[in-house]
Every structure is written in structure tokens, then in C-alpha cells.
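If you're matching positions, the sequence shown starts at 77 in this note's numbering and goes up one per residue. A virtual CB, placed ideally from N, CA and C, is assigned to each residue, including glycine. From a predicted model like this one, the values you see are computed outputs, not experimental measurements. This report concerns only the one structure given below.
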Amino acid sequence: MTAKKTRITSRGVFVTVFSVIAFTLVIKYSNSAIDSVKTALSLCAETVIPSLFPFMVISELAVSLGAAKYLGKALSPVFRPLFKLNEHGASAFLLGALCGFPVGARTAVSLYEQEKLNEKELTHVLCFCNNPSSAFIISAVGVSLFGSRKFGIALYIITLISALIIGISLRFIYQEKHTEIKKCATEKQENKSLGIHIFTNAVADSAGAMLTVCAFIVFFSALLGTLNAAFEPLSAPDSVIAAIKGFFELTAGVTHVSANLRGEGALLLCAFIVGWSGISVHFQIMAICRNCKISFRPYFLSKAAQGGVNALLMCAYLRVFKPNLSFRAGTDIKAFLSIPKPWTVICLIGFVGATITLVVKKATKRNKKRGFF
């Protein structure tokens, strides 16, 4: 028998080189890695899980019970002509804009699993539905890091606009007629989902996704901790260090920008990093979509393009409107990430109310069919 030749791909080479470098850094700077892991675990326990987990459960319930369908129908007159997508994709974008990543991507995957989005539609939606939340950009970046709520609001609006620009641009690539929803499969899924296990499934699935998110945060925190230790004796420019950190992890990148850089260039680099969002976030999305038969090349290219569009829009905003932005030294970013904003809480309450209403409605219909009423 002849042995099969192993095909060496660029992706395999990248993964191999990345693994060797990461392993070497962790071994050489093990103390920095350990301290970073402890900090990341604290961040996950005190900030990430409290601020994300409830929204992930509610988004799962919204999709399972059909609330996303009604939300999509309401936005359909605008969403369909702009993006050439069916109405279900609107809920993924809106939930992603309100709750932040990975809620938008998780919603899109749930819609795909229920056959309400096909492979092309899922690929299209993922390219622009995965954005930082308003609480992160306005409070954590704007108020906490840069000391300017006005800058945070402008950055949040710019990020959403750039995501919409990417989504609209991709309609020309994914402009083929989308397949219709398979009604028999949908009905089967809906019937299967009736009952209390809707809630238990939503909590279990969200817990698994939450664990994945935290695992990537911990790993990349350890990696960045070792990179910090490696760059310290090199005296590399702060802009280069910020760009490298931002390439891997969003929070580390914008934190370094706010602490070490000044002027318009700092704001443009911050806007780019927020639009790009970091490899850590992208790997989280890949893990959430691991059972989906899609290519992630469009997603990575779209996020890189969104970073560039973000920087261009921020430049235009600064040149055209000439805002009077006064910056001050910020406080601990964790203090703002863990505080739910009032309108975010209102949205959460609204989703809970809609979910309860749909549960009661479905239970009533089922009981009527069985002759209980």
C-alpha cells in the first residue's frame, strides 16, 4: 500500500506556526501567563457572564418561540430591499447591536439550525451582525477609557453604520435568489420545541456558548500577557503594541490606545480596533458556528473591511463636525462593563415579556386542541 501524501495548506502552516509561538511564549513567560489567566477568570466571573448570559438565554428563547420572526416581519420593509435577506436576519442584527457579541452570531446560528436561514444567508448575516454592545462602546470605551460619553456615542453609531455598509455591500455578492424556508422542517422543529424544555434547552445551549466565550477570553489574555512580557525589553512604539493587542483582543487594544496614545490618530486606531473586534471574538464565532457548513473567509474579510470603514467614518466625523471632545483619565473598565444600562434592561424586560406571552399563547392553543378549554 502506498501512503497518502499529506497536503500542506497555508492554513495548516499558520496554525502550526501560531501554536509553536504561543507554546514558546507561555513556557518562557509562565508567570505572566498565570497572572493573566487569574485576571481573565475574574473578568469573566464579575463582568462577562453577568452582562452576557441573560441576553444569550433570552435571544435563544426569542428564536425558539418565534419572537424573532415577528421582529423580523416588522423590520422586513427596510431589511429586505437593503440587504436582499429574508426577514429572519433582521433579528440577528438587532439583537447583536443591542446585546453585543456573540449574541448576534448565536441568534443567526439558531435561525440556521431551525432552517430559517440557509448557508449563504447565514454567511451574509454573520458578516455584519456581530458587533460590540452599546454598554461596551459607550460606557467602557467612551466613559471609562477615554472619559468622554460623546466620543462613545459617536463610536457606537459609527460602528453600526459601518456594519450596515458592509451588509449592504455584500448584497451584490449574495444577490442570488434565496431558498424558501422548508415549512415541514420548521413545523417539526416548532412542535418539538413545545413544552418546558424550550427554557431548559435555551439555558443549556447558552451555558455552553458562554463557556466557549470565557475559554477564548482566558486563552487570549494569557497570550497577551506573555506578549507584554516579550515586548517590554524591546521598547516598541505604543502604536505598534496597541495594533498587535487589538489584532488579538478588542479590550486590550483599546485600553492600550487610551492609556498611551493621544490625538486624532489614537481615535482612528481605536475605531479600527472596535470595527475589527479582535481574533479572540472571531474564534468565539467560529466555535459557535462549528457545526455550520460555511466558509469564514468572507467573515474575516468583512471584519477587516469594517475596521477600515470605521476609521474612515471616524476621520470624517472629526473633520466635518469638529466635535469638542474633552478627554480625561478613565477609571477601571470592569466597573462600567458590569453595570447594565437602563435602556438595555428595558430591552431585556421586553424580550422576557414577549417570551412569556408566546409561551402562554402556544400553551393555550395546544390545550384547546386537546380539549382542555
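Report task. Keeping to the same chain, check which residues put their C-beta closer than 8 Å to that of Gly88; ignore five residues upstream and five downstream. Result -> Mapped onto the sequence shown, residue 88 falls at position 12. Residues of the same chain with their beta carbon placed closer than 8 Å to that of Gly88 are lacking, with the five preceding and five following residues left out of the count.
Query raised in the report: Considering only residues of the same chain and omitting the five flanking positions on each side of Tyr393, which have a CB-CB separation below 8 Å?
Result: Numbered from its first residue, the sequence shown carries residue 393 at position 317. Here the set comprises Ala230, Ile234, Pro399.
Query - Test item: CB-CB of Met223 and Ile213 under 7 Å - result: The sequence position of residue 223 within the sequence shown is 147, counting from 1. The sequence position of residue 213 within the sequence shown is 137, counting from 1. Checking the displayed sequence, the identity of residue 223 turns out to be Gly instead of Met. In this structure, the beta-carbon distance from Gly223 to Ile213 does not fall below 7 Å.
Query - Cβ separation of Leu326 and Met390, assumed to be a contact under 8 Å, to the nearest whole Å - result: In the sequence shown, residue 326 corresponds to position 250, counting from 1. In the sequence shown, residue 390 corresponds to position 314, counting from 1. Not a contact, Cβ separation roughly 16 Å.
Report task. Tell whether a beta-carbon distance below 7 Å holds between Ala184 and Ala173. Result -> Locating residue 184 in the sequence shown gives position 108, counting from the first residue. Locating residue 173 in the sequence shown gives position 97, counting from the first residue. Note that the C-beta distance between Ala184 and Ala173 is not below 7 Å.
Query raised in the report: Measuring CB to CB, does Cys160 end up less than 7 Å from Arg247?
Result: Locating residue 160 in the sequence shown gives position 84, counting from the first residue. Locating residue 247 in the sequence shown gives position 171, counting from the first residue. Checking the sequence shown, residue 160 turns out to be Lys, not Cys. Contact: yes.
Query raised in the report: Do you know whose CA, among Phe90, Phe99, Ser106, lies nearest Ala305's CA?
Result: For this step, residue 305 is matched to residue 229 along the sequence shown. It is Ser106.
**Report entry** Sequence ranges, alpha helix (DSSP H) only - wholly within the stretch 316-382, length at least 4
**Finding:** The qualifying runs are 326-336, 340-352, 355-364.
Query raised in the report: Does the separation of the CB atoms of Phe204 and Ile237 fall below 7 Å?
Result: For the purposes of this step, residue 204 is identified with residue 128 of the sequence shown, where counting begins at 1. For the purposes of this step, residue 237 is identified with residue 161 of the sequence shown, where counting begins at 1. No Cβ-Cβ contact shorter than 7 Å links Phe204 with Ile237.
Query raised in the report: For Ile415, which residues of its own chain have a beta-carbon under 8 Å away from its beta-carbon, when the five flanking residues on both sides are left out?
Result: Taking the first residue of the sequence shown as position 1, residue 415 is located at position 339. Any reading at Ile415 must be qualified, since the residue scores a pLDDT of 40, below 50, and its modelled position is unreliable; the value itself is stated next. Here the set comprises Ala211, Ser215.
Report task. Report all residues from its chain with a CB closer than 6 Å to the CB of Ala298; omit the five preceding and five following residues, and keep chain order. Result -> Along the sequence shown, one-based indexing puts residue 298 at 222. Only residues of its own chain outside the window of five on either side were considered, and among them Ala109, Ser112, Val113 have a CB closer than 6 Å to the CB of Ala298, listed in chain order.
Report task. Please classify Pro157: does DSSP put it in a helix, a strand, or coil? Result -> As a working mapping, residue 157 is identified with position 81 in the sequence shown. Three-state result, Pro157: helix.
Query raised in the report: To the nearest angstrom, how far is it from the Cα of Tyr188 to the Cα of Asn194?
Result: Here residue 188 refers to the residue found at position 112 when the sequence shown is read from its first residue. Here residue 194 refers to the residue found at position 118 when the sequence shown is read from its first residue. Spanning the two alpha carbons is a distance of roughly 6 Å.
Query raised in the report: Cα separation between Ile97 and Cys290?
Result: Within the sequence shown, numbered from 1, the residue matching residue 97 stands at position 21. Within the sequence shown, numbered from 1, the residue matching residue 290 stands at position 214. Taking the Cα positions, Ile97 is about 22 Å away from Cys290.
Query raised in the report: Quick one: any contact between the stretch 316-333 and the stretch 360-376, if contact means 3 or more CB pairs under 8 Å?
Result: Contact between the stretch 316-333 and the stretch 360-376 is absent, with fewer than three C-beta pairs closer than 8 Å.
**Report entry** Contact check, Gly354 vs Phe307, beta carbons under 7 Å
**Finding:** Locating residue 354 in the sequence shown gives position 278, where the first residue counts as 1. Locating residue 307 in the sequence shown gives position 231, where the first residue counts as 1. Cβ distance not < 7 Å, so Gly354 and Phe307 don't count as in contact.
Query raised in the report: Sorted by chain position, which residues of the same chain lie with C-beta nearer than 8 Å to Glu63's C-beta, five sequence neighbours on each side aside?
Result: Missing from the structure shown is residue 63; the chain here goes from 77 to 449 and no further.
**Report entry** Ordered list of alpha helix (DSSP H) runs contained in the stretch 283-307, each at least 4 residues
**Finding:** If we require 4 residues or more, the stretch 283-307 turns out to have no alpha helix (DSSP H) run fully inside it.
Query - Contacts around Leu337, its chain only, beta-carbon distance under 8 Å, and the 5 residues preceding and following it disregarded - result: On the sequence shown, position 261 is the one that residue 337 refers to. Contacts found: Asp314, Ser315, Ala318, Leu345.
Query raised in the report: Exposed or buried, Glu256, counting other C-beta atoms within 10 Å across all chains shown (16 or more means buried)?
Result: Position 180 of the sequence shown, counted from the start, is the residue given in the question as residue 256. Low local confidence applies: a pLDDT of 46 at Glu256 is under 50, so the model's placement there is unreliable, with the coordinate-based value given in what follows. Glu256 should be labelled exposed.
Report task. Please report how far the alpha carbon of Ser245 lies from the alpha carbon of Asn207, in whole angstroms. Result -> Working through the sequence shown from its first residue, we reach residue 245 at position 169. Working through the sequence shown from its first residue, we reach residue 207 at position 131. Distance between the alpha carbons of Ser245 and Asn207 is about 17 Å.
Query - Alpha-carbon spacing of Ala381 relative to Phe372, whole angstroms - result: Here residue 381 is taken as the residue at index 305 of the sequence shown, counted from 1. Here residue 372 is taken as the residue at index 296 of the sequence shown, counted from 1. Spanning the two alpha carbons is a distance of roughly 14 Å.
Query - Sequence-distant residues of the same chain with beta carbon closer than 7 Å to Met132, five excluded per side - result: The residue you call residue 132 lines up with position 56 of the sequence shown. The residues are Val179, Arg182, Ser282, Ala285, Met286.
Query raised in the report: Below 7 Å between beta carbons: does that hold for Ala280 and Leu137?
Result: One-based indexing of the sequence shown puts residue 280 at position 204. One-based indexing of the sequence shown puts residue 137 at position 61. In this structure, Leu137 does not lie closer than 7 Å to Ala280 by Cβ.
**Report entry** Counted within 10 angstroms of its Cβ, other Cβ atoms place His358 as buried (16 or more) or exposed
**Finding:** For the purposes of this step, residue 358 is taken as the residue at position 282 of the sequence shown. Classification of His358: buried, given that the 10 Å Cβ count is 16 or more.
**Report entry** Pair within 7 Å by beta-carbon distance, Leu198 and Ile370
**Finding:** Taking the sequence shown and counting its residues from 1, one reaches residue 198 at position 122. Taking the sequence shown and counting its residues from 1, one reaches residue 370 at position 294. Their beta carbons are under 7 Å apart, which means Leu198 touches Ile370 by this criterion.
Query raised in the report: CA-CA distance, Asn386 and Ile272?
Result: Taking the sequence shown and counting its residues from 1, one reaches residue 386 at position 310. Taking the sequence shown and counting its residues from 1, one reaches residue 272 at position 196. Cα to Cα, Asn386 sits roughly 43 Å from Ile272.
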